[in-house]
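S.K.: Mind looking over this structure? Questions follow.
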Amino acid sequence: MAEMNMNPREKARLEEEKKNRKTRNKFILVGVIVVLMIALVIFVNSRLFYNVTTALTIGDTNYSVARMNYEYQKAYMNFNQTYGQYFGSLIDTSKSLKEQSCPFDANGGTWDDYFKQSAETNLTQLSAVYAKAIAEGYALTEDEAAEIDTAVESYRTYGKSIGFATLNKFLSAYFGTGNSEKTIRANMAEELIASRYADDVYASFTYTDDEIDAYYAENADSYDRVNVLYTLISAAANEDEGIDADTAKAAAEDKAKVILAGAGSSEEDFRAAVLKETEAEASETSYTVTSFLSRYEGSVERDDIAEGKVFSHSSDSGVYVVYILGTESNDYPTVNVRHILIKAVDADGDGTYSDAEKQTAYDAVKAIEDEWLAAGGTEEGFAALANEKSEDTGSNTNGGLYEQIYKGQMVTEFNDFCFGEREVGDYAIVYGENSAYAGYHLVYFSGENALYSRVLAENAMRQADGGAAISDLTADLTPVHASGWRLVMAG
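Convert by adding 728 to the 1-based position in the sequence shown; the result is the number in our numbering.
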């Protein structure tokens, strides 16, 4: 009614204002939606999103996408470490894991499927063991907390060295989106507590010598060794020379017969026959009895295993001619040895160690030996110097001590010292070199330990019993994928 009394100009003004108000409201609504969309995008791409979104539920515990990313990356890195030089032939790192089939996946899945399954399996066991440990009063120790601090600082240093502006950015790239110092510390704490609990479970089993010896006797073929010399005569076809596969195989078998005829019954005769026919030295290797019989199945029987036995074995790649050097049981005492290692330094970076570089390492070890002898030459004094001066990070916090050393465990010169005729207190300087280092060891014989056969058997028994006990903890756990599962290592 009031509008009817308005003059035309006032009425027009009110209509225009009403129209503008509608327009402003529309713009405000659009603005709010845009702000919300931006906020959502920021949230989805933030660490918080990946830490609050559940990917897997195990029992009563929800695990985030960030945690599954962490477990996935650990599974990937462990696989890389396990397969080492073969990793590149299994996985093409230039392609997505989602695009590559995995030969280890029984269902014909991809490498992405394989690592997700590995992560799920590992986390299920960890979850069960950690929960049990906490229920029994386990908590992080000071040493474990210090171990975490050291690891975090090493990540910080490494990340900075390769160009990451912050530790969290490096950890997110290294362990998967959503990870940060906070998540890594929490994950490592769980792992250390669970690992200590599992170690205690394995250590809780005890066995008598009779039980251990009986186990070894029953499984001896899985541990005793067969040492052999062998040569492989290739049966590869050569189209350029007109040699097909059948012709190549026949030629290889003929050459094998000549070697067998000239091998005689001695190692020397076999080596000479191989060298004459192949113009190459025979190779030497060792198998467990079980693996030996499997490797040469059809060509040799269990009762044939004896020093001097010679036989041939056809395979897809050619014909093997094999000479058995003998068998070797593990009924010998392991030994305890302390050592102090000083590494040679490849000062010129040429990938090799010159005589001068080796001499520098030797002189340093000799000076340590002189210092030790001048102080009385005791085992306690040796241990103190090992902690102070050894460059072996695996033993320079426990007095340089390695216990239950078995034959072949150490580099050749170190091994020869360990298993020569020794008395407690014997010492020497020995050279050592492998793919990881070159240098000199000051070694000290601390004494004999358990028979290696018993070490092997007890370890196997403990692994079986401890593994069963740990598996029992996960028996009733069924992991359930949640909405965030599709985001695990998605980007």
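Backbone N, C-alpha and C define an ideal beta-carbon position, used for all residues, glycine too. Treat the numbers as computed from the prediction; the structure is a model and nothing was measured.
Closer than 9 Å, CB to CB, is I921 near chain B or not?
M.R.: Of the protein chains in this structure there is only one, and it is not chain B.
S.K.: Buried or exposed, going by whether 16 or more other CB atoms sit within 10 Å of the CB of R1182?
M.R.: Position 454 of the sequence shown, counted from the start, is the residue given in the question as residue 1182. Buried.
S.K.: What residue from R1023, S1045, G1077, G1175 has the CA that sits closest to L1129's CA?
M.R.: Residue numbering aside, residue 1129 sits at position 401 when the sequence shown is read from its first letter. Out of R1023, S1045, G1077, G1175, G1175 has the C-alpha closest to the C-alpha of L1129.
S.K.: So the candidates are E827, D1144, Q845; which of them puts its Cα closest to the Cα of A834?
M.R.: The residue labelled residue 834 in the question sits at position 106 within the sequence shown. The residue with the shortest Cα to Cα distance from A834 is Q845.
S.K.: From what residue to what residue does the alpha helix (DSSP H) around V1017 run?
M.R.: The residue you call residue 1017 lines up with position 289 of the sequence shown. Looking at the DSSP string, the run of the alpha helix (DSSP H) that includes V1017 is 1017 to 1023.
S.K.: Determine, using beta carbons only, whether V1017 and D1059 come nearer to each other than 9 Å.
M.R.: In the sequence shown, the residue the question calls residue 1017 occupies position 289. In the sequence shown, the residue the question calls residue 1059 occupies position 331. No, these two residues do not count as a Cβ contact at 9 Å.
S.K.: Give the single residue among Y778, V1063, V1049 whose Cα lies nearest to the Cα of A980.
M.R.: As a working mapping, residue 980 is identified with position 252 in the sequence shown. The option with the nearest alpha carbon to A980 is V1049.
S.K.: Would A964 and G836 qualify as a contact pair, given that the criterion is a beta-carbon distance under 9 Å?
M.R.: The count along the sequence shown starts at 1 and reaches residue 964 at position 236. The count along the sequence shown starts at 1 and reaches residue 836 at position 108. No, the Cβ-Cβ distance between A964 and G836 is not below 9 Å.
S.K.: What does a CB cutoff of less than 6 Å around R999 pick up in its chain, not counting 5 residues either side in sequence?
M.R.: As a working mapping, residue 999 is identified with position 271 in the sequence shown. A1010, listed in sequence order.
S.K.: Count the other CB atoms within 10 Å of the CB of S1057; is the residue buried (16 or more) or exposed (fewer)?
M.R.: Counting from 1 along the sequence shown, the entry for residue 1057 is found at position 329. Label assigned to S1057: exposed.
S.K.: Quick one: Cα of Y958 to Cα of G1054, how far?
M.R.: Here the question's residue 958 lines up with position 230 in the sequence shown. Here the question's residue 1054 lines up with position 326 in the sequence shown. Between Y958 and G1054, the C-alpha separation is close to 13 Å.
S.K.: DSSP on E1176, reduced to helix/strand/coil?
M.R.: Along the sequence shown, one-based indexing puts residue 1176 at 448. If DSSP states are grouped into helix, strand and coil, E1176 belongs with the strands.
S.K.: Which full runs of the beta strand (DSSP E) of 3+ residues lie inside the segment 787 to 850, going along the chain?
M.R.: 789 to 792
S.K.: Could you give the distance in angstroms between the alpha-carbon of S1211 and the alpha-carbon of Y791?
M.R.: For the purposes of this step, residue 1211 is taken as residue 483 along the sequence shown, with counting starting at 1. For the purposes of this step, residue 791 is taken as residue 63 along the sequence shown, with counting starting at 1. Taken atom to atom, the span from the alpha-carbon of S1211 to that of Y791 is near 11 Å.
S.K.: Measure the beta-carbon distance from A803 to A856 and round it to whole angstroms, keeping in mind my assumption that it falls under 8 Å.
M.R.: Taking the sequence shown and counting its residues from 1, the one referred to as residue 803 is at position 75. Taking the sequence shown and counting its residues from 1, the one referred to as residue 856 is at position 128. That belief does not hold up - the Cβ atoms of A803 and A856 are roughly 18 Å apart, past 8 Å.
S.K.: Go ahead and pull the three-state DSSP assignment for R1150.
M.R.: The count along the sequence shown starts at 1 and reaches residue 1150 at position 422. R1150: coil per DSSP, three-state reduction.
S.K.: How many angstroms separate the CA atom of A859 from the CA atom of A917?
M.R.: The sequence position of residue 859 within the sequence shown is 131, counting from 1. The sequence position of residue 917 within the sequence shown is 189, counting from 1. In a straight line, the C-alpha of A859 is about 13 Å away from that of A917.
S.K.: Taking the alpha-carbon of E995 as reference, which of K1004, D982, V1038, P1061 has the nearest alpha-carbon?
M.R.: Looking up residue 995 in the sequence shown gives position 267. Looking at the Cα atoms, V1038 is the closest of the given residues.
S.K.: If N779 sits next to T911, beta carbons under 8 Å apart, how far is it from one beta carbon to the other, in whole angstroms?
M.R.: As a working mapping, residue 779 is identified with position 51 in the sequence shown. As a working mapping, residue 911 is identified with position 183 in the sequence shown. Indeed they touch by this definition, with Cβ atoms about 7 Å apart.
S.K.: Please name the residue, chosen from Y1015, G1148, G906, A922, that lies closest to D865 on a Cα-to-Cα basis.
M.R.: Here residue 865 refers to the residue found at position 137 of the sequence shown. This sequence places Gly at residue 865; Asp is not what is there. Checking every option, the nearest Cα to that of G865 belongs to A922.
S.K.: Hey, quick one: how far does the beta strand (DSSP E) through I961 stretch, first residue to last?
M.R.: Taking the first residue of the sequence shown as position 1, residue 961 is located at position 233. Unbroken beta strand (DSSP E) run through I961: 953 to 962.
S.K.: Quick check: what's the CA-CA separation for G1122 versus N1115?
M.R.: For the purposes of this step, residue 1122 is taken as the residue at position 394 of the sequence shown. For the purposes of this step, residue 1115 is taken as the residue at position 387 of the sequence shown. G1122 and N1115 have their alpha carbons spaced roughly 11 Å apart.
S.K.: DSSP on S1014, reduced to helix/strand/coil?
M.R.: Working through the sequence shown from its first residue, we reach residue 1014 at position 286. Strand at S1014.
S.K.: Would you decide whether I1070 is buried or exposed? Buried here means 16 or more other CB atoms lie within 10 Å of its CB.
M.R.: If you number the sequence shown from 1, residue 1070 lands on position 342. Classification for I1070: buried.
S.K.: Which of the three DSSP states is assigned to I722 in this structure?
M.R.: No information on residue 722 is available, as it lies outside the stretch 729 to 1219 that the chain covers here.
S.K.: Confirm, please, whether the CB-CB distance from I1052 to K1117 is below 9 Å.
M.R.: For the purposes of this step, residue 1117 is identified with residue 389 of the sequence shown, where counting begins at 1. For the purposes of this step, residue 1052 is identified with residue 324 of the sequence shown, where counting begins at 1. Contact: no.
S.K.: Please report the Cβ distance between D899 and Y883, rounded to the nearest whole angstrom; I am assuming they are in contact, meaning their Cβ atoms lie under 8 Å.
M.R.: To locate residue 899, count along the sequence shown from 1; it is residue 171. To locate residue 883, count along the sequence shown from 1; it is residue 155. It is worth fixing the name first, because residue 899 is Leu in this sequence and not Asp. 6 Å between Cβ atoms; contact.
S.K.: Less than 7 Å between C-beta atoms, sequence neighbours within five positions excluded: which residues of the same chain meet that for R752?
M.R.: What you label residue 752 is simply residue 24 of the sequence shown in a count that begins at 1. Since pLDDT at R752 reaches only 49, below the 50 mark, its modelled position is unreliable, and the value read off the structure follows with that caveat. If we look at R752 and ignore the five residues flanking it on each side, it has no Cβ neighbours.
S.K.: Could you compute how far the alpha carbon of Y798 sits from the alpha carbon of V929?
M.R.: Position 70 of the sequence shown, counted from the start, is the residue given in the question as residue 798. Position 201 of the sequence shown, counted from the start, is the residue given in the question as residue 929. Approximately 26 Å between the Cα atoms of the pair.
S.K.: Can you grab the Cα-Cα spacing for the pair D974 / G812, in whole Å?
M.R.: Start at 1 with the first residue of the sequence shown, and residue 974 comes out as number 246. Start at 1 with the first residue of the sequence shown, and residue 812 comes out as number 84. One C-alpha to the other measures close to 36 Å.
S.K.: For V762, which of helix, strand or coil comes out of DSSP?
M.R.: Within the sequence shown, the letter at position 34 stands for residue 762. With a pLDDT of 38 at V762, under the threshold of 50, the predicted position of this residue should be treated as unreliable, though the coordinate-derived value follows. Helix.
S.K.: For Y925, which option in G1127, G1194, H1209, K823 has the closest C-alpha, if you only look at C-alpha atoms?
M.R.: In the sequence shown, residue 925 corresponds to position 197, counting from 1. Closest by alpha carbon: G1194.
S.K.: Between the alpha carbons of T1006 and Y1134, how many angstroms are there, rounded?
M.R.: As a first step, residue 1006 is located in the sequence shown; it is residue number 278 there, counting from the start. As a first step, residue 1134 is located in the sequence shown; it is residue number 406 there, counting from the start. Rounded to whole angstroms, T1006 to Y1134 spans 35 Å at the Cα level.
S.K.: Once DSSP output is grouped into helix, strand and coil, what is the label at G1167?
M.R.: On the sequence shown, position 439 is the one that residue 1167 refers to. Three-state DSSP puts G1167 in a strand.
S.K.: Looking at A1166 and Y1081, is the spacing between their C-beta atoms short of 9 Å?
M.R.: Position 353 of the sequence shown, counted from the start, is the residue given in the question as residue 1081. Position 438 of the sequence shown, counted from the start, is the residue given in the question as residue 1166. Contact: yes.
S.K.: Let me check understanding here. Comparing Cα to Cα, which of D1044, H1209, S1019 lies closest to I1033?
M.R.: The residue labelled residue 1033 in the question sits at position 305 within the sequence shown. When each option's Cα is compared against that of I1033, the closest is S1019.
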